[in-house]
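Here the protein sequences come in this chain order: A and B. For the first sequence, position 319 matches number 319 in UniProt numbering, and the numbering has no gaps at all. For the second sequence, position 92 matches number 92 in UniProt numbering, and the numbering has no gaps at all. No residue lacks a Cβ here, since even glycine has one placed at the ideal position from N, Cα and C. Treat the numbers as computed from the prediction; the structure is a model and nothing was measured. What follows is a short report on a single structure.
Number of protein chains: 2
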Amino acid sequence: MSVDTLADLLGGEMTPAALQEAAQLAAGLSDGEIVGLVERLSAARACVLLQTLDERRALAVFEALDAAHQAVLVDTLGEDAATDLFVAMDPDDRVSLLDELSPDLAEHFLAQLDPRERGLTSLVLGSPRQSIGRRMSPEVVSVPVTDTVDQALGRVRLRLHDAETVYTLPVVDESGVLVGVLGLRRLLATAPETPVADVMRPAESGVVTEDAERTARRFLDRKLLGMPIVDADRRLVGIVTVDDALAITEEADSQDVARQGGTEALRRPYLSTAVGDLVRSRIVWLLVLAVSAALTVQVLEIFEATLTEVVVLALFIPLLTGTGGNTGNQAATTITRALALGDVTPRDISRVLLREARVGALLGAVLGSLAFLIAGVIYGPQIGLVIGLTLLSVCTIAATVGGAMPIIAQKLRADPAVFSNPFISTFTDATGLVVYFLIARAVLHL
Amino acid sequence: MSVDTLADLLGGEMTPAALQEAAQLAAGLSDGEIVGLVERLSAARACVLLQTLDERRALAVFEALDAAHQAVLVDTLGEDAATDLFVAMDPDDRVSLLDELSPDLAEHFLAQLDPRERGLTSLVLGSPRQSIGRRMSPEVVSVPVTDTVDQALGRVRLRLHDAETVYTLPVVDESGVLVGVLGLRRLLATAPETPVADVMRPAESGVVTEDAERTARRFLDRKLLGMPIVDADRRLVGIVTVDDALAITEEADSQDVARQGGTEALRRPYLSTAVGDLVRSRIVWLLVLAVSAALTVQVLEIFEATLTEVVVLALFIPLLTGTGGNTGNQAATTITRALALGDVTPRDISRVLLREARVGALLGAVLGSLAFLIAGVIYGPQIGLVIGLTLLSVCTIAATVGGAMPIIAQKLRADPAVFSNPFISTFTDATGLVVYFLIARAVLHL
Chain A
1 MSVDTLADLL GGEMTPAALQ EAAQLAAGLS DGEIVGLVER LSAARACVLL QTLDERRALA
61 VFEALDAAHQ AVLVDTLGED AATDLFVAMD PDDRVSLLDE LSPDLAEHFL AQLDPRERGL
121 TSLVLGSPRQ SIGRRMSPEV VSVPVTDTVD QALGRVRLRL HDAETVYTLP VVDESGVLVG
181 VLGLRRLLAT APETPVADVM RPAESGVVTE DAERTARRFL DRKLLGMPIV DADRRLVGIV
241 TVDDALAITE EADSQDVARQ GGTEALRRPY LSTAVGDLVR SRIVWLLVLA VSAALTVQVL
301 EIFEATLTEV VVLALFIPLL TGTGGNTGNQ AATTITRALA LGDVTPRDIS RVLLREARVG
361 ALLGAVLGSL AFLIAGVIYG PQIGLVIGLT LLSVCTIAAT VGGAMPIIAQ KLRADPAVFS
421 NPFISTFTDA TGLVVYFLIA RAVLHL
Chain B
1 MSVDTLADLL GGEMTPAALQ EAAQLAAGLS DGEIVGLVER LSAARACVLL QTLDERRALA
61 VFEALDAAHQ AVLVDTLGED AATDLFVAMD PDDRVSLLDE LSPDLAEHFL AQLDPRERGL
121 TSLVLGSPRQ SIGRRMSPEV VSVPVTDTVD QALGRVRLRL HDAETVYTLP VVDESGVLVG
181 VLGLRRLLAT APETPVADVM RPAESGVVTE DAERTARRFL DRKLLGMPIV DADRRLVGIV
241 TVDDALAITE EADSQDVARQ GGTEALRRPY LSTAVGDLVR SRIVWLLVLA VSAALTVQVL
301 EIFEATLTEV VVLALFIPLL TGTGGNTGNQ AATTITRALA LGDVTPRDIS RVLLREARVG
361 ALLGAVLGSL AFLIAGVIYG PQIGLVIGLT LLSVCTIAAT VGGAMPIIAQ KLRADPAVFS
421 NPFISTFTDA TGLVVYFLIA RAVLHL
């Protein structure tokens with residue numbers, strides 16, 4: 001494959017001949033393949049690759065990268081090449097990049113823009129961080145509600161070269177207030193003299209200050225191609241398109257997945273992240289979890305006398321804590337996903353808790369009965385009873401707590417994934433041990 | 001909120017007056033709000049709601065549901081109402097639903113279609129399950145490469161009412177082979193007499209038998225609006241649009257997330273799934289994990305003499321296994337995500353293993369040193385040394401194994417998430433305990 005050949009070539013020394021060969025190989029690849037390659041190379045190699053591309057292509061590839069990755073490349077590219085790319089970017093992509101740069105560098109770049117581009121960029125920069133306004137494009141084709149279909153088509157023709165999209169056309173009244181939306185397809189299918197007011201649909205719109213992730217999920221849920229963005233007075237200020245919505249949800253998903261696994265999300269693709277940064281993304285959570293796990297040492301110390309008396313109880317500790325953790329994770333994963341898809345809302349908390357308690361009890365009953373039989377045969381009926389009863393209780397508690405955590409997080413306006421799976425495991429470990437030894441003491445009369 | 005009012009109304013008795021009120025309330029809601037409500041209702045209530053909607057709306061809402069959910073509603077709706085919906089659906093949505101129905105019912109429904117619709121449906125039905133051909137729309141507008149821009153626009157106008165999309169136009173030669181693609185925007189921006197051959201771009205296309213998920217991810221990665229689908233001879237057979245690609249990846253993500261949490265994905269929204277089905281989605285994995293966890297009981301039994309001699313060793317079991325599990329999960333989560341995003345490929349396995357071993361050793365060094373100091377002060381330097389060395393080894397092993405698992409799964413052409421986090425925890429539990437007691441025996445000279 002020529003992607004691999006190019007990767008190998010870029011790994012070696014960059015003689016003029018090698019550069020020329022690299023340029024030829026790159027010319028034979030699609031934009032997507034080049035992007036994939038850039039994401040796997042170190043910053044220095046990635047910049048060499050970008051410089052072998054023609055201007056249009058370098059821009060397309062650069063715009064396809066995450067902003068944090070772009071910022072790293074800007075440092076390596078050198079000022080002139082970086083400024084050329086920056087000036088040519090779309091206003092919304094430009095703002096995402098600016099957010100990642102030092103204030104000095106951001107100001108320097110902004111000063112290079114012509115007044116019109118600077119105005120468009122400032123419009124986007126003016127919206128709060130994390131808001132959809134930061135991700136919208138101000139280059140929107142709006143259609144006055146007094147237009148005919150023919151006049152509207154005329155406006156579209158004038159903006160074919162610079163607008164973000166011409167497939168979703170917001171319709172506005174004389175004061176710029178959004179009153180509807182019209183697809184280009186519908187426009188083409190309608191007689192030219194028809195008033196726009198007769199064919200427009202109610203607009204699914206977003207407010208400029210609204211949370212970017214929530215708006216993007218709504219966008220994708222409704223299967224839109226474009227969503228008009230309005231200010232507090234419902235005046236049209238921009239538009240969001242599918243690629244924006246996808247970029248926003250992909251970032252959010254990466255963060256959720258990372259949290260669930262107990263790490264911080266990486267800001268750059270894995271192979272181009274330094275080992276030190278990988279360690280940093282994990283050490284904090286690992287320490288927090290280890291400190292919480294120290295709680296289990298304390299719990300066991302309280303029951304040390306029981307343990308010394310019946311050492312066989314120690315054999316089941318990992319089995320019991322493991323099963324509790326697994327049950328809790330199952331519940332947490334299911335509910336976190338249901339929240340993300342909108343299948344469950346925080347309003348449903350009592351229904352969810354009731355269901356999870358029942359599911360946990362049923363799972364615990366199955367596992368507990370089996371454990372009672374098996375452990376009973378091997379270690380005697382008393383030990384069998386202790387293990388069986390503990391599994392029943394632990395599964396019920398773990399499923400209920402695991403199901404509740406993501407909803408509680410959402411109620412507290414935190415990310416449902418903040419109570420990550422490792423966190424739930426650690427919590428159920430400590431609780432499960434207390435339950436275990438209390439049951440053991442009662443059954444074994446210790 | 002009127003959504004909640006409607007939900008409460010549907011929860012009560014359905015008198016004719018209540019039905020009329022429900023219809024009025026529903027008329028004031030957006031399609032998206034109705035879909036959200038249907039996903040939270042039992043099948044019987046959902047059908048009552050669907051029947052209060054006008055025909056166009058009922059279809060739009062029904063088409064927005066997952067196929068498995070549609071199939072449940074078909075059973076409840078009754079034959080006549082279900083047939084009306086089925087006949088009005090798009091061919092690709094129809095096929096997804098057919099896959100969920102009994103063969104008898106599927107045949108009955110197919111017999112209700114007129115010959116043209118039956119032909120289109122069969123075309124989609126003919127592709128293998130899991131392939132992109134099953135999800136494409138055969139209603140595609142193709143442009144002969146010999147057309148001028150004006151002629152192409154004429155073809156678009158003829159298909160404005162039935163085509164799946166008119167924004168991405170595949171260009172074909174005289175034998176129907178795909179030779180390029182043209183956006184409607186580009187078409188409108190070009191002089192009418194220009195030959196299509198001069199303005200078309202190379203097409204990013206998919207092959208009808210290709211895996212649906214892989215194709216959909218490529219689609220979204222390249223930020224396309226439509227992707228032509230071709231047969232083995234590169235003849236155009238259909239088109240995939242953004243909504244198809246999103247539906248495919250959402251299903252796949254739900255499955256991945258569920259697997260990572262050690263459950264089967266739910267086939268219906270959480271609140272409309274019966275408790276028994278929730279138990280079934282979890283019990284298999286939980287049993288498998290519990291049986292694997294029985295391994296830890298065996299391991300501890302081998303070292304029971306050591307445990308009896310130094311009971312204090314038991315206190316650290318949950319801490320050590322927990323930390324190993326967490327470190328393994330961090331690595332597995334990171335690599336699974338990197339694989340999904342294409343940042344890492346199976347070809348990179350040696351680079352990944354080397355990085356994860358280094359990351360794990362660094363994490364283990366930090367945690368181990370802390371544990372050595374703290375446990376050393378409380379339980380004496382020898383115990384401190386045992387705990388510290390164990391953490392160092394366990395973290396290194398867990399990170400390496402956790403990073404390797406998803407790649408190995410992918411190499412075996414299995415889902416990277418099949419080695420779920422609970423699986424990795426269970427594996428590292430057993431390994432960690434062996435390491436722990438071996439180190440303890442060596443340090444404590446037992």
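Taking 7 Å as the cut-off between beta carbons, the residues of the segment 362 to 389 of chain A near chain B are LEU362, LEU363, VAL366 and LEU367, in sequence order. For THR168 of chain B, no CB of chain A lies under 8 Å from its own CB, so it is not counted at the interface with that chain. Assigned with DSSP and collapsed to three states, LEU178 of chain B falls in strand.
MET405 of chain B has its alpha-carbon roughly 26 Å from the corresponding atom of ASP8 of chain A.
Residue nearest to GLU204 of chain B within the set B:GLY176, B:GLY154, B:ARG234 and B:ALA46 is B:ARG234 (criterion: CA-CA distance). When the beta-carbon positions are compared, ILE229 of chain A and VAL242 of chain A stay at least 8 Å from each other. Ranking B:ARG280, B:TYR167, B:ILE387 and B:THR345 by CA distance to the CA of PHE372 of chain B puts B:ILE387 first. For LEU391 of chain A, the enclosing alpha helix (DSSP H) starts and ends at 381 to 411. Within the same chain, and ignoring the five residues on either side of PRO416 of chain B in sequence, the residues whose Cβ sits closer than 7 Å to its Cβ are THR336, LEU339, PRO406, ALA409 and GLN410. Straight across, the Cα-Cα distance linking VAL72 of chain B with ASP4 of chain A is about 48 Å. THR306 of chain B places its beta carbon less than 8 Å from that of ARG441 of chain B. Under the three-state reduction of DSSP, ASP277 of chain A is assigned to helix. Each residue's CA atom was taken as its position, placing SER2 of chain B and ALA26 of chain B some 8 Å apart. LEU315 of chain A and ALA375 of chain A have their alpha carbons spaced roughly 11 Å apart. The Cβ-Cβ distance between GLY322 of chain B and SER425 of chain A falls below 8 Å. In this structure, the CA atom of SER292 of chain B is about 28 Å from the CA atom of ILE283 of chain A.
Residues PHE109 and GLN112 of the same chain have their beta carbon placed closer than 7 Å to that of THR83 of chain B, with the five preceding and five following residues left out of the count. Among the residues of chain A, those whose CB is under 8 Å from the CB of PHE316 of chain B are VAL297, following chain order. Contact fails between the segment 359 to 368 of chain A and the segment 294 to 306 of chain A, because fewer than three Cβ pairs, one in each stretch, are under 8 Å apart. Residues of the segment 229 to 256 of chain A with a C-beta atom less than 7 Å from some C-beta of chain B are VAL242, ASP243, LEU246 and SER254, listed in chain order. The Cβ atoms of VAL275 of chain B and THR333 of chain A lie no closer than 8 Å to each other.
Beta-bridge pairing by DSSP links MET227 of chain B to B:VAL240. Taking the beta carbon of SER131 of chain A as reference, no residue of chain B falls within 7 Å; the closest one sits roughly 21 Å away. Per DSSP, LEU169 of chain A is not a residue of any alpha helix (DSSP H); the beta strand (DSSP E) it occupies stretches across 168 to 172.
Taking the Cα of GLU174 of chain A as reference, the smallest distance to any Cα among A:MET136, A:ARG159, A:PHE303 and A:ALA197 is reached at A:ALA197.
In summary, THR390 of chain B is buried, with 16 or more beta-carbon neighbours lying within 10 Å of its beta-carbon over all protein chains present. Cβ-Cβ separation between VAL95 of chain A and LEU125 of chain A: approximately 5 Å, consistent with a contact (criterion under 8 Å). Unbroken alpha helix (DSSP H) stretches of 4 residues or longer found wholly inside the segment 343 to 372 of chain A: none. Neighbourhood of HIS161 of chain B in chain A, by CB distance below 9 Å: ALA189, in chain order. ASP244 of chain B is classed as buried because its beta carbon has at least 16 other beta carbons within 10 Å across all chains shown. When Cβ pairs closer than 8 Å are counted between the two stretches, the segment 173 to 189 of chain B is seen to touch the segment 159 to 172 of chain A, the count reaching three or more.
By the C-beta density criterion, ILE248 of chain A is buried, having at least 16 other C-beta atoms within 10 angstroms. Interface residue (Cβ-Cβ distance to chain B less than 8 Å): LEU182 of chain A is not classified as such. Around the beta-carbon of ALA46 of chain A, 16 or more other beta-carbon atoms lie within 10 Å, marking it buried.
If you check the CB distance, VAL61 of chain A and VAL38 of chain A come in under 8 Å.
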